[in-house]
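Asks: Residue numbers for the sequence shown follow numbering that gives the first Met the number 0, beginning at 0 and rising by one. Note that beta-carbon positions come from the ideal geometry of N, C-alpha and C, so glycine has one too. Keep in mind that this is a model prediction, so the values were computed, not measured.
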Amino acid sequence: MKLSTNVAAAVLLATALPAIGAGAAQAKSGGDVIHRGSCSGSTNWKIKAKPDDGRIEVEAEIDSNVNGQHWRWVLKHEGRATARGTSVTKGPSGSFEVQRRTVNAPGGDSFRFRAVNNASGEVCVATVSL
0 MKLSTNVAAA VLLATALPAI GAGAAQAKSG GDVIHRGSCS GSTNWKIKAK
50 PDDGRIEVEA EIDSNVNGQH WRWVLKHEGR ATARGTSVTK GPSGSFEVQR
100 RTVNAPGGDS FRFRAVNNAS GEVCVATVSL
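(1) Within its chain, find whatever has a CB closer than 6 Å to the CB of residue 35; leave out the 5 residues flanking it on each side and keep chain order.
(2) If we call anything under 7 Å between Cβ atoms a contact, is residue 100 one with residue 54?
(3) Quick one, are the C-beta atoms of residue 86 and residue 95 less than 7 Å apart?
(4) If you count every other CB in all the chains shown that lies within 10 Å of the CB of residue 117, and 16 or more means buried, which is it?
(5) Need the endpoints of the beta strand (DSSP E) that residue 128 sits in, please.
Here's what the structure looks like:
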């Protein structure tokens, strides 16, 4: 009886693995590229780029887990500033997000998001290429 249970479990696992792989391939085929990392202190960053109707949508997030922090930031596309501003971390997670749609340049597109905490000087640098 134990052998048949193990065989059944192996068959179930063998049929489930291709389905899991297909889900990952579908997410990748959508063109989204996501990178995550840490800043110079305890804050984390995430940046995502994806094709969007002939343009590129870029989303950058700073997550410090502290509400009310003031940050100044700049988003660069191919080394040129395309957006800049200031943001304040808000609840419930003590984060802020910047979202922009940019031109889709011929060839590859690279983005760099840099944010600096006004009070502590902590620096976050996030990069992604599409």
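Replies: The structure says:
(1) The count along the sequence shown starts at 1 and reaches residue 35 at position 36. For residue 35, where only same-chain residues beyond five positions count, the Cβ hits under 6 Å are 45.
(2) Within the sequence shown, residue 100 is the residue found at index 101, counting from 1. Within the sequence shown, residue 54 is the residue found at index 55, counting from 1. A contact, by the Cβ cut-off of 7 Å.
(3) Reading the sequence shown from its first residue, position 87 is the one you call residue 86. Reading the sequence shown from its first residue, position 96 is the one you call residue 95. Contact flag set, yes.
(4) Within the sequence shown, numbered from 1, the residue matching residue 117 stands at position 118. Residue 117 comes out exposed.
(5) Within the sequence shown, the letter at position 129 stands for residue 128. Residues 122-128.
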